[in-house]
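Residue numbers (my numbering), protein chains in the order written: chain W, 1 to 231; chain Y, 1 to 113.
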């Protein structure tokens, strides 16, 4: 290599140092979202799971429990349709639907646009319901305070070990649809063990969006996180 | 499929850097890809082939440098390199391994003409 300009000395090729992170653009947008939430004392939670785990049902009941006490706004990510945003609005919270088209995850820029449209109240809780997918959303920081992974008992005890990136990125794992346990060969204790194998710091709450069982623990957890962001 | 979004970032970063330097074309792109980054190298290269079309990086070759993670056994303290999350300590066989690093996704350098 030429010592003057870094060219290879053949056919004028030059090597240029770049040293740039591929996720830098997303990380910048996520930092801006995080600053926006912090300024307003907003708790933002990124809900991630496979399709059909019960994310929207959990949100519907959470919104009902918080009615009149905690302002809630929801960003709904799906590839297509506004069905989930309509469900959330019927449950009593403000919602904006983001359709990713062929995209498999929400990124921080999509969330920034959605937040600008929602204009969430200071002190509120913003739930970001990610696209149902246990792979890609693990990589994209949206500026949330925490990722909450939801797994239903029908999905199998070893889900965390099969999708370690997501369960490693999550702070809390909600184990949903516990009313189905009598019909299944799923031991929630083994599911927890699988989660702890990939993320020793992972917390767990077993709940049931249909009956409300376990919701007091979930609401307490949200309360604790709200106090943390309020400083 | 997140590899396609990342491939678009590779094309953007490479083309921006090359254009700033007045280069006509990008010949190679050196990438560091962590083995615990959640990215499949083959899918990244496949995505790149689609994303680079019509740009000055169209004929560029991707050079991948895999970067392992670091494991530290909580039982015996042994330190070793990792290419997966779920491992047992190669020394004492314990399951409690502290994992760090291996998540880098970075363009290190490009060659242009």
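Think of the CB as a built atom: it goes at the ideal place given N, C-alpha and C, for glycine as much as any other residue.
Query raised in the report: Do you know whose CA, among W:151, W:18, W:83, W:54, lies nearest residue 190 (chain W)'s CA?
Result: Ranking the options by Cα distance to residue 190 (chain W), first place goes to W:151.
Query raised in the report: Under a three-way DSSP split, which group does residue 58 (chain Y) fall into?
Result: Looking at residue 58 (chain Y) - three-state DSSP - the assignment turns out to be coil, as it is neither helix nor strand.
Query - Secondary structure of residue 87 (chain Y), DSSP reduced to three states - result: coil
Requested in this report: Look at the Cβ atom of residue 128 (chain W), then the Cβ atom of residue 77 (chain W), and state whether they are nearer than 9 Å.
Outcome: yes
Query raised in the report: For the stretch 8-36 of chain W, which residues have a beta carbon sitting closer than 9 Å to at least one beta carbon of chain Y?
Result: 8, 11, 12, 13, 14, 15, 16, 17, 18, 19, 20, 21, 22, 23, 24, 25, 26
**Report entry** Residue burial classification, residue 51 (chain Y) (beta-carbon count within 10 angstroms, cutoff 16)
**Finding:** buried
Requested in this report: Within 10 angstroms of the Cβ of residue 76 (chain Y), are there 16 or more other Cβ atoms? Answer buried if so, exposed if not.
Outcome: exposed
Query raised in the report: Would DSSP call residue 198 (chain W) helix, strand or coil?
Result: helix
Query - Partner residues on chain W for residue 57 (chain Y), Cβ-Cβ distance less than 7 Å - result: Going along chain W, no residue has its Cβ under 7 Å from residue 57 (chain Y), so there is no contact; the nearest lies around 12 Å.
Query raised in the report: Taking the C-alpha atoms as reference points, what is the distance between residue 61 (chain Y) and residue 227 (chain W)?
Result: 51 Å
Query raised in the report: What are the start and end residues of the alpha helix (DSSP H) that includes residue 220 (chain W)?
Result: 215-230
**Report entry** Limits of the unbroken alpha helix (DSSP H) element including residue 42 (chain W)
**Finding:** Residue 42 (chain W) -> no alpha helix (DSSP H), and no H or E assigned at all.
Query raised in the report: Going along chain W, which residues have a C-beta under 7 Å from residue 38 (chain Y)?
Result: 138, 139, 165
Report task. With a cut-off of 8 Å on the beta carbons, I'd call residue 130 (chain W) and residue 47 (chain W) a contact; round off their distance for me. Result -> The C-beta distance from residue 130 (chain W) to residue 47 (chain W) rounds to 6 Å, short enough to meet the 8 Å contact threshold.
Report task. Let me know the secondary structure DSSP gives residue 9 (chain Y) once reduced to three states. Result -> helix
Report task. Could you confirm whether any beta carbon from chain W is found closer than 9 Å to the beta carbon of residue 70 (chain Y)? Result -> False, the Cβ-Cβ gap to chain W never drops below 9 Å.
Query - chain Y contact residues for residue 161 (chain W), given Cβ-Cβ distances below 7 Å - result: 86
Query - Neighbouring residues, chain A, relative to residue 109 (chain Y) (Cβ below 7 Å) - result: No chain A appears in the structure shown, which is made up of the protein chains W and Y.
Query raised in the report: My guess is that residue 18 (chain Y) and residue 112 (chain Y) are in contact by the Cβ rule of under 8 Å, so how many angstroms apart are they, rounded?
Result: 5 Å
Query raised in the report: Given residue 37 (chain Y), which residues of its chain have a CB within under 6 Å of its CB, disregarding the five upstream and five downstream residues?
Result: Cβ contact annotation for residue 37 (chain Y) (same chain, cutoff 6 Å, sequence separation greater than five): 103, 105, in chain order.
Query - Cross-strand partners of residue 111 (chain Y) (DSSP beta bridge) - result: W:15, Y:28
Query raised in the report: Who are the near neighbours of residue 114 (chain W) in its chain, counting only those whose CB is closer than 6 Å to its CB and skipping five residues on each side?
Result: 75, 96, 98
Query raised in the report: Can you pull the DSSP bridge partners for residue 97 (chain W)?
Result: W:76
Report task. Give the C-beta separation of residue 86 (chain Y) and residue 164 (chain W) to the nearest angstrom, bearing in mind that I take them to be a contact with Cβ-Cβ under 8 Å. Result -> Contact flag correct, Cβ pair sits at about 7 Å.
Query raised in the report: Secondary structure at residue 50 (chain W), three-state DSSP: helix, strand or coil?
Result: Three-state DSSP puts residue 50 (chain W) in coil, outside helix and strand.
Query raised in the report: Would the stretch 87-101 of chain Y and the stretch 41-60 of chain Y be scored as touching if the rule is three or more Cβ pairs under 8 Å?
Result: no
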